[in-house]
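Q: Before we start, here is the structure in question, set down as C-alpha cells.
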Amino acid sequence: MMRGFVLGIVALSVFSTEACKTNGKVQSSMKTTVFGKLPDGREVHQYTLSNGAGMTAQIINYGATITSLTVPDRNGKVADVVLGYDTIDGYVNGTAYLGAIVGRYGNRIGKGQFQLDGKQYQLAVNDGENHLHGGKTGFNKVLWEAILPDSSSQSSVQLRYVSRDGEEGYPGTVTLKVTYTLTDKNELRVDYEGTADRPTILNPTQHSYFNLSGAFGNTILDHLLMIDADSITPVDKGLIPTGQVASVEKTPMDFRTPMAIGAHIDDQDEQLAFGRGYDHNWVLKGAPGQVRKVAELYDAASGRMMSVLTDQPGLQFYSGNFLDGTVIGKNGIAYQHRTALCLETQAFPDTPNKPQFPSVTLRPGQTYRQTTIYQFSTR
Ligand code: GLA
14 MMRGFVLGIV ALSVFSTEAC KTNGKVQSSM KTTVFGKLPD GREVHQYTLS NGAGMTAQII
74 NYGATITSLT VPDRNGKVAD VVLGYDTIDG YVNGTAYLGA IVGRYGNRIG KGQFQLDGKQ
134 YQLAVNDGEN HLHGGKTGFN KVLWEAILPD SSSQSSVQLR YVSRDGEEGY PGTVTLKVTY
194 TLTDKNELRV DYEGTADRPT ILNPTQHSYF NLSGAFGNTI LDHLLMIDAD SITPVDKGLI
254 PTGQVASVEK TPMDFRTPMA IGAHIDDQDE QLAFGRGYDH NWVLKGAPGQ VRKVAELYDA
314 ASGRMMSVLT DQPGLQFYSG NFLDGTVIGK NGIAYQHRTA LCLETQAFPD TPNKPQFPSV
374 TLRPGQTYRQ TTIYQFSTR
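And the structure:
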C-alpha cells in the first residue's frame, strides 16, 4: 500500500531508506537525491530503487522518467541497459522521449482530431500534421509529484500528475498515477491508474529505449526479439493506422518465434519503408485486461533476457530509427541509428478515429489501469 506523503515538505534525508539487512542478505531499498533544477528553479528528484538481487532502477519525477536500469549479465556483471541523459537539461531539451511516460495519448492521432460523444476536438499537432505522444508539452515534459512508500524496505515510488482540462487540447482533468516497483525477482513493474472528471481519452505508455548489451556503441540489430502477435495494424506514410489488421505471416513483421531484429529490417517492404524500419503496433495475443507475456528480447553476447508482460492490447515496437548520432546521452555517448529499441505497451495508435479498435475512452467514475512488467533473467 502506498499511503505515503507528497515529497517536498520535509528535508530530503528523511526520505532516504538504507538497504536493510536481514539474515546477512541485502534487502530492497529506496533512496532520494536531487537530480537537478528546471529552468524555472524547481528541483527535480531522483529515486534509486534497489532490489538487493543485483538490479537498480533510477527514476526522476520530471516526466516520470526511468534514467537508468542496471541489470546483471550471465556472469553477474551489472550494466545500465537504457538510454538517458546525464543531466536534467538533456531531458528538458530532448525530443526523443528517452525513458519517459508519454501521454495522455502514447503514439499518434491522425491530424490531432477526434470526436467523443458527438463533440469534435483538436489536439496539439507536433509530428507533421499529426499528434504524437501527448503533444508539445506531454507528460514527459512536466514535473510529477512523488509519493514515497511508507515502509523503508519497499523499492517503489509512485508519481502523480494532474493534467488540467484543455491541456494540449484534451477534454477533462485527468489524474494519472504511475507506480514503479523493483521486485526481488528482477522485475521492474509499472502500474498505471487514471481517472477523469469529464469524458476523455487516455493511453499512456513507457518510452524506455533498451539495449541489453549495455554498450551503447552497439546497435540492437543482433538482439533476438519475440512478439506474441499474429498481426499488426498497418500504417500510411504518416504512420497513422489504415484501420486494417494484417497478418504477419510471410512478412518481416513475423516475430512469433525469436528473430534477429536486423534479419529483415532492410527488406523491400512498404511498411518498413513507411517506418524507416520497425515502428508499428502489434496486435497482441491473449485477452487484454489480463497480464500475459507478450514479448521477449535477448542479447546473446551478455546473456541478458527481458520479457515484457502487460495487460494492454497492443505493443509498439520502435527500432530507434530516428536516432542519428545527434543525441548525446549518458557518459557523452552519441546515440547512433538503432542503438536501442522501445517496446511500448498500449492501446492501438489512432484509436479515437478507429471505432473497431479497443476503446481508449475514459469516463468519470471509471478507472484506467495498466500493468506492465519488464522481467530480467539470463541465459
Ligand atoms: C514512438 C513512435 C516513433 C517515434 C518515437 C520517438 O515509438 O512510434 O515514430 O516518434 O516514438 O522518437
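In terms of this note's numbering, the sequence shown has 81 at position 68, counting the first letter as 1, and numbering is strictly consecutive. All residues carry an ideal CB built from backbone N, CA and C; glycine is no exception.
(1) Excluding the 5 residues flanking Lys90 on each side, which residues of the same chain have their C-beta closer than 7 Å to its C-beta?
(2) Ligand 1 and Asp363: does any heavy atom of the ligand fall closer than 7 Å to the residue's C-beta?
(3) I need the boundaries of the beta strand (DSSP E) containing Val84, first residue and last residue.
(4) Report buried or exposed for Thr385, applying the criterion of at least 16 other Cβ atoms within 10 angstroms of its Cβ.
(5) Can you tell me whether Cys191 is buried or exposed, with buried defined as 16 or more other CB within 10 angstroms of its CB?
(6) Can you give me the C-alpha to C-alpha distance between Gln325 and Ser244, rounded to a whole angstrom?
(7) On the three-state DSSP scale, how would you describe Pro254?
(8) Looking only at its own chain, which residues have a Cβ that is under 8 Å from the Cβ of Val296, when we skip the five neighbours before and after it?
(9) Does the beta-carbon distance from Gly342 to Gly112 come in below 8 Å?
(10) Measuring alpha carbon to alpha carbon, tell me which residue in Ile73, Val321, Val94, Gln349 is nearest Phe152.
(11) Cβ of Thr185 within 8 Å of Cβ of Gly125?
(12) Which residues does DSSP pair with Val187 in a beta bridge?
(13) According to DSSP, is Asp102 part of a helix, a strand, or is it coil?
(14) Buried or exposed: where does Ala353 fall if 16 or more other Cβ atoms within 10 Å of its Cβ makes it buried?
(15) Let me check one thing: in DSSP terms, what residues is Lys124 bridge-paired to?
(16) For a test of the three-state rule: what should DSSP assign to Ser390, helix, strand or coil?
(17) Report whether the distance from the Cβ of Glu56 to the nearest heavy atom of ligand 2 is below 7 Å.
(18) Output the distance between the C-alpha atoms of Arg317 and His220, rounded to the nearest integer angstrom.
(19) For Lys44, tell me which candidate among Arg55, Pro85, Thr61 has the shortest Cα-Cα distance.
A: Let me lay it out:
(1) none
(2) no
(3) 78 to 85
(4) buried
(5) The residue you asked about is not Cys; residue 191 is Val in the sequence shown. Flag for Val191 reads buried.
(6) 15 Å
(7) strand
(8) Ala242, Asp243, Ser244, Ile245, Thr246, Val258, Pro326, Gly327, Phe361
(9) no
(10) Ile73
(11) First, the residue type needs correcting, since residue 185 is Gly and not Thr in the sequence shown. No, they are not a contact pair.
(12) Ser176, Ala209
(13) helix
(14) buried
(15) None, per the DSSP bridge assignment.
(16) strand
(17) Only ligand 1 can be found as ligands here, which leaves ligand 2 out of the picture.
(18) 20 Å
(19) Thr61
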